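Read top to bottom, the protein sequences are chains X and A.
The first sequence begins at 6 in the numbering used here and counts up by one.
The second sequence begins at 3 in the numbering used here and counts up by one.
Yeah, the Cβ is synthetic: ideal placement off N, Cα and C, and Gly gets one too.
Since the model is a prediction, treat every value here as computed from it, not as a measurement.
This report concerns only the one structure given below.
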Amino acid sequence: MGLDVRAFLALTSAGFRRWSTYRQATAAAVFTNSVFGFLKTYVLLAVALGAGGAAVGYDGPMLVSFVWLGQGLIGVVMLWGWTDLADRVRTGDVVADLLRPVNPLWTYLAADLGRAGYATLTRFLIPVAVGLVYFDFFLPTRPASYALFTVSVALAVLVSFTFRYLVNLTAFWLLDVRGVMLLAQLMMGALSGLYLPIRFLPDWCENVLWYLTPFPSMLQAPLDIYVEYGGIGTQLAIVSGQLAWVVVGFTACGWLQRRAAWKLVIQGG
Amino acid sequence: MAIIEAEELRKEFVVWRKVGRLRRQRQVVSAVDGVSLRVEQGETLGYLGPNGAGKSTTLKMFTGVLAPSSGRLRVCGLEPVSRRVQLTRQIGVVFGQRSQLWWDLPLRDSFALLRHVFRIPQAEHAARLAQCRELLGLDEFLDTPVRQLSLGQRMRGELTAALLHGPRVLFLDEPTIGLDVVSKQAVRAFLTQLRDQGEVTVVLTTHDLADIERLCRRLVIIDHGRVVHDGSLEALHARYGSRRRVVVDLDAPWEQVPGLSGAVVEAVEAEGHRVTFSLAEGVTAGHVITQLAGYAALRDISIVEPDIEEVIARLYAASDDARSVASG
Ligand SMILES: Nc1ncnc2c1ncn2[C@@H]1O[C@H](COP(=O)(O)OP(=O)(O)O)[C@@H](O)[C@H]1O
Ligand SMILES: [Mg+2]
Numbered sequence: 006m007g008l009d010v011r012a013f014l015a016l017t018s019a020g021f022r023r024w025s026t027y028r029q030a031t032a033a034a035v036f037t038n039s040v041f042g043f044l045k046t047y048v049l050l051a052v053a054l055g056a057g058g059a060a061v062g063y064d065g066p067m068l069v070s071f072v073w074l075g076q077g078l079i080g081v082v083m084l085w086g087w088t089d090l091a092d093r094v095r096t097g098d099v100v101a102d103l104l105r106p107v108n109p110l111w112t113y114l115a116a117d118l119g120r121a122g123y124a125t126l127t128r129f130l131i132p133v134a135v136g137l138v139y140f141d142f143f144l145p146t147r148p149a150s151y152a153l154f155t156v157s158v159a160l161a162v163l164v165s166f167t168f169r170y171l172v173n174l175t176a177f178w179l180l181d182v183r184g185v186m187l188l189a190q191l192m193m194g195a196l197s198g199l200y201l202p203i204r205f206l207p208d209w210c211e212n213v214l215w216y217l218t219p220f221p222s223m224l225q226a227p228l229d230i231y232v233e234y235g236g237i238g239t240q241l242a243i244v245s246g247q248l249a250w251v252v253v254g255f256t257a258c259g260w261l262q263r264r265a266a267w268k269l270v271i272q273g274g
Numbered sequence: 003m004a005i006i007e008a009e010e011l012r013k014e015f016v017v018w019r020k021v022g023r024l025r026r027q028r029q030v031v032s033a034v035d036g037v038s039l040r041v042e043q044g045e046t047l048g049y050l051g052p053n054g055a056g057k058s059t060t061l062k063m064f065t066g067v068l069a070p071s072s073g074r075l076r077v078c079g080l081e082p083v084s085r086r087v088q089l090t091r092q093i094g095v096v097f098g099q100r101s102q103l104w105w106d107l108p109l110r111d112s113f114a115l116l117r118h119v120f121r122i123p124q125a126e127h128a129a130r131l132a133q134c135r136e137l138l139g140l141d142e143f144l145d146t147p148v149r150q151l152s153l154g155q156r157m158r159g160e161l162t163a164a165l166l167h168g169p170r171v172l173f174l175d176e177p178t179i180g181l182d183v184v185s186k187q188a189v190r191a192f193l194t195q196l197r198d199q200g201e202v203t204v205v206l207t208t209h210d211l212a213d214i215e216r217l218c219r220r221l222v223i224i225d226h227g228r229v230v231h232d233g234s235l236e237a238l239h240a241r242y243g244s245r246r247r248v249v250v251d252l253d254a255p256w257e258q259v260p261g262l263s264g265a266v267v268e269a270v271e272a273e274g275h276r277v278t279f280s281l282a283e284g285v286t287a288g289h290v291i292t293q294l295a296g297y298a299a300l301r302d303i304s305i306v307e308p309d310i311e312e313v314i315a316r317l318y319a320a321s322d323d324a325r326s327v328a329s330g
């Protein structure tokens, strides 16, 4: 069931090319993410700093980069709108995935990494450039922060992928996954630090989110690493937490996928 | 060794039917009801039956994506469900309305990706692709994204995709459904070539008789999940007494030919100027025409092969009778 490196790369490159055909959608998303970037920057600077935002550990430039990197990462980690697998389950095309000598989890992952690569070049770089030009943007003081940020973004993509894959797998049991999908998207948006840094929440709430849910690992994690929230120890702890969620995520995907395949094979979809 | 061996294969589905407002009733649907079948390497087999007969269900079991409720099944010597992954390398599958291609990318990319996914040696892949390109005329749309292909073009792409890894058996579920006439012809001609090369075993389901009339020497006809005929088309005609017919147009109105052997008059039309004879079994059209020519001036002659639709309709009627006798 393994996928060799060449096959994995070929599928990744196919994912990249596929998403590069959606030019207009990409342009529209970049535009929207940037407009919201301005709104969020002004609101966050006014409200959060006024209400003592600095007290939870962010100053103005840190918030600016938090917002703009976050706006750029929305498309990279893809918090919304991935229903490829669920659609194939609904139409029955998923049978074709079972008729190949590879585990679908790896083929979908490869394709998703290609997608993330394309999104990095477009949906990440453009909003971040806008933020850099118009605002006082925080730049990390330790070179290691850049490397850790890159690693953390990659892990965020993996955590987000496993979560989205799990949600899509529910299509094997539910006739209509739109409800689950909407709930998942709300949680991914609200609990990942996209709307506001989760450090702004009460301590107990923040702890529950970090330790018991994968959501901060999808967005808040790389952003905190970039703005050097805490020292290198905190950064490493964040990355380790993400790694743990990657392991949990893939384990859960493997398990649920086996059950889904079993259901399909017995009940005929 | 047979490449497909099925013994008493059954598949039952549990469905919940609504009765009243809240109650639901459990119902068992026998989609496949005791199919036994042996297919030898290189055969081209037509699996025929009306909608809902159990064709797709059988094919899903053969390909390992659906577990039989009972019965024994071996495909390429493997038990399909438990050895599904190994089996994928030995079989090619096209489900008529499903796609195995990468929707947003040019058709050519799907073929390249399949080479990696199945780890097909480069030279083998190139040779098979070249052959399909030629026989199926793929070149004009190789660079078109799959989503923009017509159904017929896509089906030609699907056939190629199913063959690139050199499967021993090709399973096709309704490959011509919804296709335009030209594409249907292209698909049938391609499958005829494949059959004549004799390397790949083909199992083809259809409810379109034209698909199998010339293509498949062996027909397995199922109805309500059961095999009601397994053999050649000729055997089917023999079983139901189908006759070939000779239709002659005459200069003068028809008068009985004394001592005419091997044929009986079935119809006299056009004020006696057109007569239809049905031939007895084993009698050639020539034998009858020679006799007629001695008595009357023949203006025109045509020979009508037995009608496949008709014989199959008789078969279904017979199988329905048998079922109602069994249950009543
Ligand atoms: N997953 C399923 N659940 C319940 N019933 C099914 C399922 N798949 C097929 N059936 C039923 O089994 C019978 C045979 O279906 P199918 O094999 O698709 O027929 P065909 O391909 O010959 O048209 C039909 O009555 C169909 O409704
Ligand atoms: Mg069918």
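Who are the near neighbours of D141 (chain A) in its chain, counting only those whose CB is closer than 7 Å to its CB and skipping five residues on each side? For D141 (chain A), where only same-chain residues beyond five positions count, the Cβ hits under 7 Å are R135.
Spatial neighbours of P169 (chain A) in its chain, beta-carbon cut-off 7 Å, leaving aside the 5 residues before and after: Excluding residues within five positions, the ones whose Cβ falls inside 7 Å are Q92, I93, G94, V202.
Closest by CA to I303 (chain A), which one among A:M157, A:F113, A:F279? Of A:M157, A:F113, A:F279, the smallest CA-CA separation from I303 (chain A) is found for A:F279.
Short-range partners of chain X found in the stretch 248-265 of chain A, where Cβ spacing is below 9 Å: For the stretch 248-265 of chain A, the set of positions with a beta-carbon nearer than 9 Å to some beta-carbon of chain X is empty.
Do you know how far the Cα of Y216 (chain X) is from the Cα of L8 (chain X)? For L8 (chain X) and Y216 (chain X), the distance between alpha carbons rounds to 32 Å.
For a test of your reading of the model: does the CB of G273 (chain X) fall under 6 Å from any non-hydrogen atom of ligand 1? Yes or no. Yes, ligand 1 has a heavy atom inside 6 Å of this Cβ.
Check for me: the alpha helix (DSSP H) holding Q124 (chain A) runs from which residue to which? Judged by DSSP secondary structure, Q124 (chain A) falls within the alpha helix (DSSP H) whose first and last residues are 124-138.
Beta carbon of L153 (chain X), beta carbon of I230 (chain X): below 7 Å? Contact: yes.
Cβ-based neighbour list, G259 (chain X), same chain, cut-off 7 Å, excluding 5 preceding and 5 following: Counting only Cβ-Cβ distances below 7 Å, and skipping sequence neighbours, we find L110.
In the structure shown, what three-state DSSP assignment does L221 (chain A) receive? Strand at L221 (chain A).
Beta carbon of T65 (chain A): closer than 6 Å to some heavy atom of ligand 4? Ligand 4 is absent from the structure shown, which contains only ligand 1 and ligand 2.
With 16 other Cβ atoms within 10 Å as the buried cut-off, status of T178 (chain A): Around the beta carbon of T178 (chain A), a 10 Å sphere encloses 16 or more other beta carbons of the protein chains shown; the residue is thus reported as buried.
What residue range does the beta strand (DSSP E) around R74 (chain A) cover? If you look at R74 (chain A), you'll find it in the beta strand (DSSP E) that goes 72-77.
Roughly how many angstroms separate the alpha carbons of L61 (chain A) and Q88 (chain A), rounded to a whole number? A direct Cα-Cα distance of roughly 17 Å separates L61 (chain A) from Q88 (chain A).
Please state whether DSSP places Q258 (chain A) in a helix, a strand or coil. Correct three-state label for Q258 (chain A): coil.
Is there a Cβ from chain B that is less than 7 Å from the Cβ of T207 (chain A)? In summary, chain B is missing from the structure at hand, where the protein chains are X and A.
Chain A within 7 Å of A101 (chain X), Cβ atoms only: Closer than 7 Å to some Cβ of chain A, the Cβ of A101 (chain X) qualifies, so yes.
Partner residues on chain X for R106 (chain A), Cβ-Cβ distance less than 7 Å: Note on residue identity: the sequence assigns Asp, not Arg, to residue 106 (chain A). Within chain X, the residues whose beta carbon sits less than 7 Å from that of D106 (chain A) are R23, T26, listed in sequence order.
Three or more beta-carbon pairs under 8 Å between the stretch 212-231 of chain A and the stretch 184-200 of chain A, yes or no? Remark: three or more beta-carbon pairs, one from each stretch, lie closer than 8 Å, so the stretch 212-231 of chain A and the stretch 184-200 of chain A are flagged as touching.
For T125 (chain X), which of X:Y151, X:G77, X:V251 has the nearest alpha-carbon? Minimum Cα distance to T125 (chain X) is reached at X:G77.
Same chain, Cβ closer than 8 Å to V184 (chain A), neighbours up to 5 away in sequence not counted: Counting only Cβ-Cβ distances below 8 Å, and skipping sequence neighbours, we find G154.
As a quick exercise: from X:V52, X:V253, X:L163, pick the residue whose alpha carbon is nearest that of L114 (chain X). Of the candidates X:V52, X:V253, X:L163, the one whose C-alpha sits nearest the C-alpha of L114 (chain X) is X:L163.
Checking contacts by CB at 7 Å: is I79 (chain X) closer than that to chain A? Contact of I79 (chain X) with chain A is not assigned, every C-beta pair being separated by 7 Å or more.
Do we get a CB-CB distance below 7 Å when we pair G97 (chain X) with the residues of chain A? At least one chain A Cβ lies under 7 Å of G97 (chain X).
Where in the stretch 236-300 of chain A do unbroken runs of the beta strand (DSSP E), each at least 3 residues long, occur, reported from the N-terminal end onward? Counting only runs of 3 or more, we get 247-252, 265-271, 276-281.
Does any CB atom of chain X fall closer than 7 Å to the CB of A69 (chain A)? Answer yes: the Cβ-Cβ gap between A69 (chain A) and chain X drops below 7 Å somewhere.
Residue from A:L217, A:R245, A:D253 whose Cα sits closest to the Cα of E273 (chain A): Ranking A:L217, A:R245, A:D253 by Cα distance to E273 (chain A) puts A:D253 first.
Inter-stretch contact (C-beta, 8 Å, three-pair minimum) for the stretch 209-224 of chain X and the stretch 185-201 of chain X: The stretch 209-224 of chain X makes contact with the stretch 185-201 of chain X; the number of CB pairs closer than 8 Å reaches 3 or more.
With 16 other Cβ atoms within 10 Å as the buried cut-off, status of D64 (chain X): Flag for D64 (chain X) reads exposed.
Beta-carbon separation of V230 (chain A) and L317 (chain A) under 7 Å? Judged by their CB atoms, V230 (chain A) and L317 (chain A) are nearer to each other than the 7 Å cut-off.
How far does the beta strand (DSSP E) with W267 (chain X) in it reach, from first residue to last? Here W267 (chain X) belongs to no beta strand (DSSP E); instead the alpha helix (DSSP H) covers 237-272.
For D232 (chain A), which residues does DSSP report across the bridge? Residue pairing for D232 (chain A): DSSP places it in a beta bridge opposite A:V222.
Using a beta-carbon distance below 7 Å, is A33 (chain X) in contact with chain A? A33 (chain X) does not count as touching chain A.
DSSP state of G20 (chain X) mapped onto helix, strand, coil: G20 (chain X): helix per DSSP, three-state reduction.
Is P147 (chain A) helix, strand or coil when you go by DSSP? DSSP places P147 (chain A) in strand when its eight states are reduced to three.
Range of the contiguous alpha helix (DSSP H) that encloses I93 (chain A): Premise fails: I93 (chain A) lies in the beta strand (DSSP E), 93-97, not in any alpha helix (DSSP H).
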